[in-house]
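Protein chains in written order, with the numbering used here: chain D, 1 to 195; chain G, 1001 to 1195.
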DNA sequence: ATTTAAACAGACCGATCAGTCGGTCTTAAA
DNA sequence: TTTAAGACCGACTGATCGGTCTGTTTAAAT
């Protein structure tokens, strides 16, 4: 083999990181495979050696990003924490893993390939797993009586949309400022804005 | 002239409506001029008779959608209403004008053509006008002491992101259900979820 | 009736894109 | 040392897209 197995894995991860940044910044359709190759420092042939297609790459990348995000969160979140504290922590990781604009690319991806295609089904599965994880966080908050409400699924959807939409106006903020904004927004949601 | 001035304007509006629906549903890049022609029932030549380019069409459409949205809101909103009532009304029109997913297409559009291009500048101008209008609504709520806070710009950004993000999970809902969700989400934001 | 020009239509062009394919290089096994 | 295969390269292909150009139709002006 030209390169070691490890070298190959390194190349693969370089491609994934480059693709993640570009998809997040420019969207799915607007990011070409050539763009990704330039950013990752490999050839188009090399890229297609690691991934069968653009769809394949995106799904691989999305799966990894979402999984890693919850793993990082899970390492820090403790059972002793209140659901409110866990939510603040989630907001931080939401910013950190820049999965914020990845959601956008994901929607574009889904609408482009269709929810019924095989790739669409796989992607929806990834999203659902992610959602369920968040929903269980919300359910904890409700069951413990920390939060008001009786529909964890709806509330989870609203809060996730909240965090996702928040990222719209923040493409230029640095992470520190973004985290501040997310903390403030979380506080607003918890306390309400009514006087 | 082959058709009357009125007929031409009718064709133009058909194109705009078709484009609005497609851009909202599929995004900017994923919607081709041919798609729009099919939906509008005209030829590509005819489309380019009314609009110089895809960018031109999108900006025209966005301007019209955003302007019309505030006009409709303004016709119903009365000075006697509380800011809270005005916000609920805004949520309704946000759903009605389906400008929800148009925002998404707008971001994609902006990142694709760049904020420094002439079209980008024009689009940013449209967005800013829209934002300022919303910010003045928020400022009213703060000044009247209805809502807590001292930064109307930040609060406006957060609430707009809230509404925008909410539309992610709702591509299949009908308008009645969507309005219900938006009203509930507005209530959550006002009251807070903390017990 | 003739002319004029707006309102279309559709063939066409160059660019770009996702994906393919044959080939080269390097490492590890035999 | 030979060989086999994984890692990688880059030219090529077919399709698609935005945009142009030439031509045709028709309502209105003369």
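Using N, Cα and C, we set each Cβ at its ideal position, and we do this for glycine too.
Chain D residues whose Cβ lies nearer than 7 Å to that of residue i
{"i": "residue 1157 (chain G)", "result": "169"}
CA nearest to the CA of residue i, picked from the options
{"i": "residue 1174 (chain G)", "options": "G:1104, G:1023, G:1095, G:1050", "result": "G:1095"}
{"i": "residue 1061 (chain G)", "options": "G:1016, G:1041, G:1069, G:1087", "result": "G:1016"}
{"i": "residue 1065 (chain G)", "options": "G:1149, G:1093, G:1083", "result": "G:1093"}
{"i": "residue 105 (chain D)", "options": "D:153, D:78, D:25", "result": "D:25"}
{"i": "residue 943 (chain G)", "options": "G:1013, G:1191, G:1186, G:1101", "result": "Outside the displayed span of chain G (1001 to 1195) sits residue 943 (chain G), for which this structure offers no information."}
{"i": "residue 147 (chain D)", "options": "D:8, D:37, D:82", "result": "D:82"}
{"i": "residue 144 (chain D)", "options": "D:54, D:56, D:102, D:84", "result": "D:84"}
{"i": "residue 168 (chain D)", "options": "D:128, D:103, D:89, D:8", "result": "D:103"}
{"i": "residue 1188 (chain G)", "options": "G:1129, G:1088, G:1078", "result": "G:1088"}
{"i": "residue 97 (chain D)", "options": "D:110, D:21, D:194", "result": "D:21"}
{"i": "residue 54 (chain D)", "options": "D:129, D:110, D:128, D:41", "result": "D:110"}
{"i": "residue 1007 (chain G)", "options": "G:1036, G:1046, G:1078", "result": "G:1046"}
{"i": "residue 1041 (chain G)", "options": "G:1079, G:1077, G:1013", "result": "G:1013"}
Contact check, residue i vs residue j, beta carbons under 7 Å
{"i": "residue 1091 (chain G)", "j": "residue 1162 (chain G)", "result": "no"}
{"i": "residue 190 (chain D)", "j": "residue 1192 (chain G)", "result": "yes"}
{"i": "residue 31 (chain D)", "j": "residue 23 (chain D)", "result": "yes"}
{"i": "residue 1027 (chain G)", "j": "residue 1108 (chain G)", "result": "yes"}
{"i": "residue 158 (chain D)", "j": "residue 63 (chain D)", "result": "no"}
{"i": "residue 1112 (chain G)", "j": "residue 1059 (chain G)", "result": "no"}
{"i": "residue 138 (chain D)", "j": "residue 155 (chain D)", "result": "yes"}
{"i": "residue 29 (chain D)", "j": "residue 1029 (chain G)", "result": "yes"}
Partner residues on chain D for residue i, Cβ-Cβ distance less than 9 Å
{"i": "residue 1108 (chain G)", "result": "26, 27, 29, 30, 104, 108"}
Where residue i falls, given that 16 or more other Cβ within 10 Å makes a residue buried
{"i": "residue 141 (chain D)", "result": "buried"}
{"i": "residue 115 (chain D)", "result": "exposed"}
{"i": "residue 1151 (chain G)", "result": "exposed"}
{"i": "residue 1176 (chain G)", "result": "exposed"}
{"i": "residue 50 (chain D)", "result": "buried"}
{"i": "residue 178 (chain D)", "result": "buried"}
{"i": "residue 1034 (chain G)", "result": "exposed"}
{"i": "residue 75 (chain D)", "result": "exposed"}
{"i": "residue 1009 (chain G)", "result": "exposed"}
Contact test: residue i Cβ vs the ligand SAH heavy atom, cutoff 6 Å
{"i": "residue 1037 (chain G)", "result": "Absence of the ligand SAH from the depicted structure is noted, as is the absence of any ligand whatsoever, leaving it without description."}
Proximal residues of chain G, C-beta to C-beta of residue i below 7 Å
{"i": "residue 162 (chain D)", "result": "1162, 1165"}
{"i": "residue 185 (chain D)", "result": "1158"}
Chain G contact residues for residue i, given Cβ-Cβ distances below 9 Å
{"i": "residue 149 (chain D)", "result": "1188, 1193"}
{"i": "residue 111 (chain D)", "result": "1025, 1026, 1027, 1030, 1171"}
The region 1176-1193 of chain G touching the region 1012-1030 of chain G, judged by at least three CB pairs closer than 8 Å: no
Sufficient close CB pairs (3 or more, under 8 Å) joining the region 69-86 of chain D to the region 124-143 of chain D: yes
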